[in-house]
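**Q** If you count the sequence shown from 1, position 552 lands on 551 in numbering that gives the first Met the number 0, and the numbers rise without skipping.
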Amino acid sequence: MRSSVSRFVVRPLLLVAAVGTVTVLFADREPVPFSYILGAVLPASLMAVFLFRRSVRQQVEQERRAREESEDRLEEFVRINAELTRELLESRHLDEAHKLQVKAFDAFLQGVTITDPNKPDNPIVYVNEGFTRLTGYDRGEVLDKNCRFLQGKDTDPAAVEKIRQSVREAQPCFVEVLNYRKDGSTFWNALSIAPIFEDGKLTHFVGVQTDVTALKQMELQLRQAQKMEAVGHLAGGVAHDFNNLLTVINGCCELLRAQFTLPEGARPLIDEVHKAGERAATLTRQLLAFSRKTVLQPRVVNLNDLVKDFQKLLGRLIGEDIQLRTDLQADAGLVRVDPGQMDQVLMNLVVNARDAMPRGGTLSIASRDVYLDENYARGHQDLRPGAYVHLSVADTGCGMDRATVARVFEPFFTTKPVGQGTGLGLAMVYGIMKASGGHVAVESEPGQGTTFHLFLPVAGEPERPALPPSRGGTRYGQETVLLVEDEVGVRTLAKHALEARGYRVLEAPDGEEALRLVQEHAGQIDVMLSDVVMPRMSGRELRHHVATLSPNTRVIFTSGYTDDAIVRHGVYQAESDFLPKPFTMHVLLKKVREVLDRAPATSEDLIGATA
Numbered sequence: 000m001r002s003s004v005s006r007f008v009v010r011p012l013l014l015v016a017a018v019g020t021v022t023v024l025f026a027d028r029e030p031v032p033f034s035y036i037l038g039a040v041l042p043a044s045l046m047a048v049f050l051f052r053r054s055v056r057q058q059v060e061q062e063r064r065a066r067e068e069s070e071d072r073l074e075e076f077v078r079i080n081a082e083l084t085r086e087l088l089e090s091r092h093l094d095e096a097h098k099l100q101v102k103a104f105d106a107f108l109q110g111v112t113i114t115d116p117n118k119p120d121n122p123i124v125y126v127n128e129g130f131t132r133l134t135g136y137d138r139g140e141v142l143d144k145n146c147r148f149l150q151g152k153d154t155d156p157a158a159v160e161k162i163r164q165s166v167r168e169a170q171p172c173f174v175e176v177l178n179y180r181k182d183g184s185t186f187w188n189a190l191s192i193a194p195i196f197e198d199g200k201l202t203h204f205v206g207v208q209t210d211v212t213a214l215k216q217m218e219l220q221l222r223q224a225q226k227m228e229a230v231g232h233l234a235g236g237v238a239h240d241f242n243n244l245l246t247v248i249n250g251c252c253e254l255l256r257a258q259f260t261l262p263e264g265a266r267p268l269i270d271e272v273h274k275a276g277e278r279a280a281t282l283t284r285q286l287l288a289f290s291r292k293t294v295l296q297p298r299v300v301n302l303n304d305l306v307k308d309f310q311k312l313l314g315r316l317i318g319e320d321i322q323l324r325t326d327l328q329a330d331a332g333l334v335r336v337d338p339g340q341m342d343q344v345l346m347n348l349v350v351n352a353r354d355a356m357p358r359g360g361t362l363s364i365a366s367r368d369v370y371l372d373e374n375y376a377r378g379h380q381d382l383r384p385g386a387y388v389h390l391s392v393a394d395t396g397c398g399m400d401r402a403t404v405a406r407v408f409e410p411f412f413t414t415k416p417v418g419q420g421t422g423l424g425l426a427m428v429y430g431i432m433k434a435s436g437g438h439v440a441v442e443s444e445p446g447q448g449t450t451f452h453l454f455l456p457v458a459g460e461p462e463r464p465a466l467p468p469s470r471g472g473t474r475y476g477q478e479t480v481l482l483v484e485d486e487v488g489v490r491t492l493a494k495h496a497l498e499a500r501g502y503r504v505l506e507a508p509d510g511e512e513a514l515r516l517v518q519e520h521a522g523q524i525d526v527m528l529s530d531v532v533m534p535r536m537s538g539r540e541l542r543h544h545v546a547t548l549s550p551n552t553r554v555i556f557t558s559g560y561t562d563d564a565i566v567r568h569g570v571y572q573a574e575s576d577f578l579p580k581p582f583t584m585h586v587l588l589k590k591v592r593e594v595l596d597r598a599p600a601t602s603e604d605l606i607g608a609t610a
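1) Which word fits Glu373, buried or exposed, when buried means at least 16 other C-beta atoms lie within 10 angstroms of its C-beta?
2) How do the stretch 473 to 482 and the stretch 384 to 396 stand: do at least 3 beta-carbon pairs fall below 8 angstroms, yes or no?
3) Return the residue from the list Arg180, Lys152, Arg64 and Leu327 that minimises the CA-CA distance to Thr212.
4) Please list, in chain order, all residues of the same chain as Gln523 whose beta carbon is under 8 angstroms from its beta carbon, the five residues on each side excluded.
5) Is Arg170 buried or exposed, if buried means 16 or more other CB atoms sit within 10 Å of its CB?
6) Could you check what DSSP says for Tyr136 in three-state terms: helix, strand or coil?
7) Helix, strand or coil, according to DSSP, for Pro464 in the structure here?
8) For Asn641, count the other beta carbons within 10 Å of its own beta carbon; 16 or more makes it buried, fewer makes it exposed. Which is it?
9) Measure from the alpha carbon of Lys144 to the alpha carbon of each residue in Tyr136, Pro122 and Arg167, then state which is nearest.
10) Evaluate Gln61 with the Cβ neighbour count: other Cβ atoms within 10 Å of its Cβ, from every protein chain shown; 16 or more gives buried, anything less gives exposed.
11) Could you have a look at Gln322 and say whether DSSP puts it in helix, strand or coil?
12) If you draw a straight line from the alpha carbon of Thr209 to that of Met427, how long is it in whole angstroms?
13) If contact is defined by three or more beta carbon pairs under 8 angstroms, each pair taking one atom from either stretch, is the stretch 500 to 511 in contact with the stretch 255 to 273?
14) Exposed or buried, which one is Ser558 when buried takes at least 16 other CB atoms within 10 Å?
15) Please tell me whether Ala513 and Leu541 are closer than 9 angstroms, where the distance is taken between their beta carbons.
16) Considering just the uninterrupted stretch of the beta strand (DSSP E) at Lys152, what are its terminal residues?
17) Mind checking which residues open and close the alpha helix (DSSP H) that includes Leu425?
18) For a quick check, are the C-beta atoms of Arg353 and Ile317 less than 9 angstroms apart?
19) Going by DSSP, which residues form a beta bridge with Gly385?
20) Counting C-beta neighbours from all protein chains within 10 Å, is the total for Lys589 16 or more, i.e. buried, or is it exposed?
21) I'd like the span of the alpha helix (DSSP H) that includes Thr413, first residue to last.
22) Over the uninterrupted alpha helix (DSSP H) stretch that includes Gln208, give me the two end residues.
23) Mapping the DSSP letters down to three states, classify Pro338 as helix, strand or coil.
24) By DSSP, does Phe130 sit in helix, in strand, or in coil?
25) Sorted by chain position, which residues of the same chain lie with C-beta nearer than 7 angstroms to Thr403's C-beta, five sequence neighbours on each side aside?
26) Measure the C-alpha to C-alpha separation of Ala496 and Thr547 and round it to an integer number of angstroms.
27) In this structure, does DSSP put His495 in helix, strand or coil?
28) Go ahead and label Leu348 buried or exposed: buried means 16 or more other beta carbons lie within 10 angstroms of its beta carbon, across all protein chains shown.
29) Return yes when the Cβ of Asn351 is within less than 9 angstroms of the Cβ of Thr449, no when it is not.
30) Please state whether DSSP places Gly360 in a helix, a strand or coil.
31) According to DSSP, Tyr125 sits in a beta bridge with which residue or residues?
32) When the Cα of Asp525 is compared with those of Met533, Glu506 and Arg553, which residue comes out closest?
33) Kindly indicate which residue of Glu140, Gly139, Val174 and Glu253 has the alpha-carbon position closest to the one of Thr154.
34) Using the three-state DSSP reduction, which class does Cys655 fall into: helix, strand or coil?
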């Protein structure tokens, strides 16, 4: 700029100076008119000035344009830089969001898979870490593969078809399907599938896998428990009715043999009827044991002692071709069980093991203390975590398949030939263990033998067993007995037997009639023999009223079955005497005499027990 100003201001002055110099040089010459000189010089000067000014203007214009272009380029640079900065920030945010999504997916406990239906065979394009943990496969092993590698021989074809239909129709679906891990183990997969669309076009499928194996096992156990409970109710009801009938059948046989002169050939027939009745009574006892509606008499014992006492019978049971091995933990804990019922459990398990080894083998019985944690208890219905004594009975026999194992505790289920088994032995084991607060499980494989696992809760100090009742004959009596029984046959038979022994018998078909008789014969009734379950009034309610009206009257309960609540509140809570059906007349008379000869209880004891 400075040079341009110099040319614009200084150069015209130099031109004037030059004209002056020419005038001086030609001063001694013949004078030339100044106008000539000026006319010659002035156009050139004006031209120079014009050209100079034009040059200046052009240069200024060029510099202006250059400056404007520079400013435009600077603005463009600033704009581009701002856009690049924004895009960079957006890209950084997107990258961070993507990383966050990946971390979130990997944090899922569930497996997540994404497949691309636009590629051949709808391959996997993404799996999260939850999928690798669930299946055991690494990402590299499953990418670009179809999900069908998770299926196996036991996968339900209907579930697979539902998945395929969802993919074909691009519709969401939910299905529970049995899948296989890399190591070959199975798991139940609660699979949720959903399509992903972009601008109306199907781009991907996303699947979420949840391991519900534990839930399925709990559902299976619940169904099994409900089934066993339903069968138990049925079995208990049938056994109750049969026990009433068997009481009459066996009692009549007993009275016929004892009190009547029989024609020749009649006694063997009566004996056969009585034997059949006894066998039927054994079956009903097994049914009641399975249904947990039998009266237990538990006490705290050493389980090892029960096993050692039972070993004395094993020689006759298993034979010489079966080797017995025992491994009993010396300091194993104590348990609370009914010793007689526990003998039945061992008997049934040993007989079952013997029959599984027709060509001989090894029978192993072992005991040890164990602690069942919450994880184990959670997988088994009605089992609480805690300390248990574990008793195992194992054989090296033929074993069982899964289908047989699933039904092994069902009543009347047996794999033995017709006539060689009732199917009640293991059902009885199941019922006794449940009634004792324990747990029974079985593991078996075809050709690998079978092991039954019994778990009984650890109890406190051992109890001294009660002395067995005297086996002497029953004495005659003159006391008054109130007989309360809704079954006419049982009531008639019991009345006949009691009157034959000299007792005075008052009979009532229900509790209300019994109360009327108590009021009518106040202070005269020595003992009341009452059924537990009756219409209009239960045995427990009846006892409460009798304790108030006639406090010196003794009470004996009898029933074809009694569930836990009736036993706990109606019988053993007050230490009342109980006579289970079917009973013989000898047992009935013996029980009545035993109760009458016992020291009387106070009225406060009786009323407090019934409160």
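Here a beta-carbon is modelled for each residue, glycine too, at the ideal position from N, C-alpha and C.
**A** Once the coordinates are examined:
1) exposed
2) no
3) Arg180
4) Thr479
5) This sequence places Gln at residue 170; Arg is not what is there. Flag for Gln170 reads exposed.
6) coil
7) Any answer about Pro464 is weak, because its pLDDT of 46 lies below 50 and its placement is not dependable; what the coordinates show is given next. In the structure shown, Pro464 sits in coil (DSSP, three-state: anything other than H, G, I, E or B).
8) Coverage of the chain is limited to positions 0 through 610, which leaves residue 641 absent and any answer about it impossible.
9) Pro122
10) exposed
11) strand
12) 39 angstroms
13) no
14) buried
15) yes
16) Counting along the chain, Lys152 falls outside any beta strand (DSSP E), and DSSP gives it neither H nor E.
17) Gly424 to Ala434
18) yes
19) Leu371
20) buried
21) Segment: none, Thr413 is in no alpha helix (DSSP H) and carries neither H nor E.
22) Careful: Gln208 lies outside any alpha helix (DSSP H), inside the beta strand (DSSP E) at Lys200 to Asp210.
23) helix
24) helix
25) Thr414
26) 29 angstroms
27) helix
28) buried
29) yes
30) strand
31) Ile113
32) Arg553
33) Val174
34) Past the boundaries of the shown model lies residue 655; the chain is included only from 0 to 610, so the question cannot be answered.
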